[in-house]
Every structure is written in C-alpha cells, then in structure tokens.
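Take a look at the structure below.
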Amino acid sequence: MHPLRSLVLAAAGNDAIRRLVATAPVSRDVVRRFVAGENTADAIRVTRELTGSGRKVTLDHLGEDTQDAEQAERTVQAYLELLDRLHAEGLAPAAEVSVKLTAVGQQLSERLALDNASRVCAAAEQCGTTVTLDMEDHTTTDSTLRVLAELRRTWPSTGAVVQSYLRRTLADCVALADSRVRLVKGAYAEPENVAFGRHETDLSYVRCANALLAGNGYPMFATHDPRLVRIVGERARWYDRKPGTYEFQMLFGVRPDEQRRLAQEGETVRVYVPYGSQWYGYLMRRLAERPANTVFFARALVSHS
Numbered sequence: 011m012h013p014l015r016s017l018v019l020a021a022a023g024n025d026a027i028r029r030l031v032a033t034a035p036v037s038r039d040v041v042r043r044f045v046a047g048e049n050t051a052d053a054i055r056v057t058r059e060l061t062g063s064g065r066k067v068t069l070d071h072l073g074e075d076t077q078d079a080e081q082a083e084r085t086v087q088a089y090l091e092l093l094d095r096l097h098a099e100g101l102a103p104a105a106e107v108s109v110k111l112t113a114v115g116q117q118l119s120e121r122l123a124l125d126n127a128s129r130v131c132a133a134a135e136q137c138g139t140t141v142t143l144d145m146e147d148h149t150t151t152d153s154t155l156r157v158l159a160e161l162r163r164t165w166p167s168t169g170a171v172v173q174s175y176l177r178r179t180l181a182d183c184v185a186l187a188d189s190r191v192r193l194v195k196g197a198y199a200e201p202e203n204v205a206f207g208r209h210e211t212d213l214s215y216v217r218c219a220n221a222l223l224a225g226n227g228y229p230m231f232a233t234h235d236p237r238l239v240r241i242v243g244e245r246a247r248w249y250d251r252k253p254g255t256y257e258f259q260m261l262f263g264v265r266p267d268e269q270r271r272l273a274q275e276g277e278t279v280r281v282y283v284p285y286g287s288q289w290y291g292y293l294m295r296r297l298a299e300r301p302a303n304t305v306f307f308a309r310a311l312v313s314h315s
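Residue numbers (this note's numbering): 11 to 315.
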C-alpha cells in the first residue's frame with residue numbers, strides 16, 4: 011500500500027485530525043467537491059443537476075459502523091425520506107440509492123441489517139427505483155452477500171458490489187455474473203493475505219470485468235482510471251455488449267469532464283453522490299485513493315492552522 015494512503019486511512023480514525031478537518035475553512039471547499047451536502051435537499055439539488063446533464067445517480071446517505079438500533083433507524087428514515095423526494099421530484103428513474111449494511115445495523119446483528127435493508131428496498135420499489143448494497147472491509151463480505159441473497163428473493167434487481175483488490179473477488183464475480191453488480195477496486199486498508207497490491211488489483215479488475223461481461227447480468231464499472239475505462243469499453247465491444255447493457259460509474263467530484271464525455275458518446279454514466287453529516291470517513295478514503303488530492307489538502311490545512 012502507498013505510504014501516504016496508509017497515513018490518510020489511519021487519519022480517518024483520529025479524532026484530533028477529524029476536528030481539525032471539520033473546523034478548517036479550507037476543508038469546506040474540499041468537502042463540497044466530494045460531498046453533495048448534509049441534508050436531503052442538497053442531495054436532490056445535486057441529483058437534479060447531474061441528471062439534467064445526461065448522467066444517472068446513486069445516492070449514499072453517509073454513515074457506517076452504527077453502534078445502536080436507534081442510529082440504524084435514523085439512517086433508514088433518511089433513506090425513506092430521500093426516496094420519497096426522488097419520487098415526488100420525478101428523479102427516481104435516473105437515481106437509485108446505495109446502502110452500507112453497517113449503517114443499518116450489520117454490526118449489531120445480520121438480521122437487523124436485513125430487516126432494515128428490506129424496508130429501504132420496498133420503498134425503492136414503490137418509488138420506481140432500486141438499491142445497491144455497498145461493500146465494506148473484507149470482514150463483512152460474507153455477511154453482505156448473505157443479506158444480498160435474501161433481498162434478491164423479493165427484489166432481484168438489488169445490486170451487489172465486488173472489490174477487485176480482494177483475492178476472492180473473481181470467484182464472486184463468476185457467481186454473480188447473471189445479476190446486477192458494481193465492480194470497484196476497493197478503498198479499505200486490507201491485509202496482504204486477503205488483498206492484492208496495486209498492480210495485481212488492476213489485473214484483477216480486468217479479469218473480473220471479463221467475467222461480468224460474459225454473464226447475462228448488468229455490470230457497473232466503477233473506475234476513474236483512464237486505462238481501465240478504455241479496456242472496459244474494448245472488452246464490452248468484444249462481448250458484443252451495447253451501451254445500456256452495462257454502465258460506467260464515477261464518484262461525485264472526480265473527473266466530471268470525463269463523465270460528461272462518456273455520456274455524450276452514448277455510454278450510461280452513473281455518479282456516486284454521498285451526502286449527510288457523517289462525511290469525514292468517506293472523505294478520508296477518497297483522499298487516500300488520490301495522493302495528489304491528499305498532498306493539496308494537507309498543505310492547505312497546515313497553511314490555515
């Protein structure tokens with residue numbers, strides 16, 4: 011792992027650094043680049059802007075590592091409010107939601123997470139959209155896939171997420187290839203016995219992309235790497251996949267010009283839009299993925315301290 015990435019991921023759990031980031035004036039500009047805002051109205055505003063430019067959206071109400079049932083319930087209520095607003099605004103056909111199971115109680119009990127995720131899936135169905143279950147660190151993978159399987163009994167369009175840096179993921183892709191799957195590289199600090207290094211992660215991404223494209227499902231390729239975007243496009247054509255039978259996904263605030271270019275060329279492009287007050291851990295992972303952003307942000311913080 012890149013040493014700078016390791017430091018930033020460690021900072022995600024440091025309360026002193028969290029307070030500095032939260033109070034430094036410069037941090038507000040950086041946060042606005044990657045996070046839509048703190049409330050539902052902010053999420054709706056950004057969704058309207060993005061869908062108006064021909065892109066689709068997946069919305070993530072930020073929060074994870076929920077430690078009590080009341081907090082999990084607040085997260086569920088936030089998603090229900092969001093889905094109601096998407097439906098009322100006519101945005102649901104172009105916007106789905108992404109849910110972290112830890113945010114809805116997975117660390118308390120798998121049953122609680124399933125019950126709460128089911129409520130979100132039911133509301134999404136009523137509003138004319140769907141849900142994707144975000145994947146987190148490797149210790150939650152088996153539990154998340156079990157919950158996914160249960161949800162798909164009633165809501166078969168529920169999306170899965172797989173991470174190419176995990177050694178197990180190619181096998182997971184083969185098993186899930188006839189369903190709706192988002193392929194990402196992975197953004198958590200993982201031990202070497204379960205995760206690849208950087209170069210091997212990229213090779214794994216391509217192998218996993220091939221497995222998903224060979225299936226009968228709907229693959230969603232989340233990457234900002236120009237090389238991987240090009241390779242996925244080439245492999246999609248090799249598998250005779252037409253635009254609309256797969257999609258590209260990118261993060262809000264990252265490579266917006268490339269997002270628009272792909273959309274203008276007829277590709278389906280979905281933007282991952284986070285919102286909510288619990289933005290710190292998310293921001294740290296995004297900075298860890300992009301060392302140039304980390305250096306800029308660290309220098310700005312120092313200059314304002």
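Note that beta-carbon positions come from the ideal geometry of N, C-alpha and C, so glycine has one too.
Just so it is clear, the structure is predicted and the values come from calculations on it, not from any experiment.
Restricting attention to L193, A104, R247, the CA atom closest to the CA of V67 is found in A104. In terms of Cα proximity to T140, the closest of S167, A246, T151, K252 is S167. Look at the segment 248-290 and you find these whole runs of beta strand (DSSP E), each 3 residues long or longer: 257-261, 279-285.
For V109 and E244, the gap between their C-alpha atoms comes out near 30 Å. When the Cα atoms are used, G64 and S128 turn out to be separated by approximately 30 Å.
Between S174 and L111, the CB-CB gap reaches or exceeds 9 Å. DSSP places P229 within a strand segment (E or B) once states are collapsed to three. At a Cβ-Cβ threshold of 9 Å, L193 and L222 count as neighbours. DSSP places Q173 within a strand segment (E or B) once states are collapsed to three. A Cβ-Cβ separation of about 11 Å leaves T57 out of contact with E106 under the 8 Å criterion. Counted as a single uninterrupted DSSP element, the beta strand (DSSP E) harbouring R192 occupies residues 190-194. Per DSSP, the beta-bridge partners of T142 are S108, G169.
Remark: C-beta atoms of F262 and V45 approach each other more closely than 9 Å. Residue state for A205 is assigned as strand, using DSSP reduced to three classes.
Distance check between A123 and each of D144, L238, N220, F258 places D144 closest, using alpha-carbon atoms only. With a cut-off of 8 Å on Cβ pairs, the segment 154-165 is not in contact with the segment 85-102, counting fewer than three such pairs. Taken through DSSP and simplified to helix, strand or coil, T76 comes out as coil. Just so you know, the alpha carbons of V281 and L238 end up roughly 17 Å apart. Judged by their CB atoms, A187 and N226 are nearer to each other than the 9 Å cut-off.
Ranked by how close their Cα comes to the Cα of E257, the residues L92, W165, V191 have V191 in first place.
Short of 8 Å from the beta carbon of E268, and not among the five residues preceding or following it, lie these beta carbons of its own chain, in chain order: H234, P236, V239, M260. Assigned with DSSP and collapsed to three states, H148 falls in helix. Taking all protein chains in view, the Cβ of E146 is crowded by 16 or more other Cβ atoms within 10 Å, so the residue is classified as buried.
A Cβ-Cβ contact shorter than 9 Å links V204 with H148. The alpha-carbon separation between T211 and L293 amounts to approximately 22 Å. DSSP places V242 within a helical segment (H, G or I) once states are collapsed to three. The Cβ atoms of V157 and Q117 do not sit closer than 9 Å to each other. Taking V184 as the centre and dropping the five residues before and after it, the same chain places the C-beta of A221 closer than 6 Å to its C-beta, in chain order. Approximately 5 Å separates the beta-carbon atoms of G47 and Y285; this is inside 8 Å, confirming the contact. Secondary-structure assignment with DSSP links L69 through a beta bridge to V107, V283.
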